[in-house]
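Accompanying notes for the structure given below.
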Amino acid sequence: MSILTVTAKGQVTLRKDLLEHLGVHPGDKISIEKLPGGRVEVKAARPTGKISDAFGFLKGKTNDRSLSIEEMNEVIADGWAGKR
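The working numbering puts the sequence shown at residues 43 to 126.
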């Protein structure tokens with residue numbers, strides 16, 4: 043259990059180990075839910091959406107030709123080698 047101090051402005055700072063546990067980084071958001079009995083639940087705020095929102099994301103980003111398996115393997119190998 044962690045004990046935090048409330049400032050005169052009513053603010054609380056979460057320590058680094060708690061932020062790491064939540065998986066949040068500077069600029070990320072967290073959500074707080076009020077629960078019965080004066081309890082709260084703190085969670086990392088994750089973007090919501092549907093998988094279908096990602097469909098067509100890369101459309102128009104290629105030269106409109108499909109790569110062969112060999113070409114895909116070459117691109118992958120170059121990426122792992124740090125060439126791309």
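Even for Gly, the Cβ is constructed at its ideal location relative to N, Cα and C.
Open item on the list: Just to confirm the assignment, what range does the beta strand (DSSP E) spanning Ala86 have?
Closed with: In the sequence shown, counting from the first residue as 1, residue 86 sits at position 44. Unbroken beta strand (DSSP E) run through Ala86: 81-86.
Task: Spatially closest choice to Leu61 from Met114, Lys71, Pro89, by CA coordinates - done: The residue given as residue 61 occupies position 19 in the sequence shown. For Leu61, the nearest C-alpha among the options comes from Lys71.
Open item on the list: Are the CB atoms of Leu46 and Val54 within a distance shorter than 7 Å?
Closed with: Taking the first residue of the sequence shown as 1, we reach residue 54 at position 12. Taking the first residue of the sequence shown as 1, we reach residue 46 at position 4. Closer than 7 Å, so yes.
Task: Nearest residue (CA-CA) to Gly69, options Val117, Ala123, Arg88 - done: For the purposes of this step, residue 69 is taken as the residue at position 27 of the sequence shown. Looking at the Cα atoms, Arg88 is the closest of the given residues.
Task: Residue range of the unbroken beta strand (DSSP E) whose run includes Leu77 - done: Numbered from 1 along the sequence shown, position 35 holds the residue referred to as residue 77. From DSSP, the beta strand (DSSP E) with Leu77 extends over 72-77.
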